[in-house]
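Some notes on the structure that comes next.
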């Protein structure tokens, strides 16, 4: 699930980009900006 987006991002890599932050990542990258959502799978419930 997407936890947040940054439409115009110049911080998370070279050049200008759109960044999507997702929950449930298991990569544990050094310098991760989203450790609070890493490893936690979050689901949206639609009824």
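Residue numbers (full-length UniProt numbering): 1 to 47. The beta carbon of each residue, even a glycine, is placed where N, CA and C say it ideally should be. Just so it is clear, the structure is predicted and the values come from calculations on it, not from any experiment.
| Check | Outcome |
| --- | --- |
| Whole-angstrom distance between residue 29 and residue 11, CA atom to CA atom | 16 angstroms |
| Same chain, Cβ closer than 6 angstroms to residue 33, neighbours up to 5 away in sequence not counted | none |
| Simplified DSSP assignment, three categories, for residue 10 | coil |
| Given residue 27 as reference, the closest of 15, 37 and 5 once Cα atoms are compared | 37 |
| For residue 29, three-class secondary structure by DSSP | coil |
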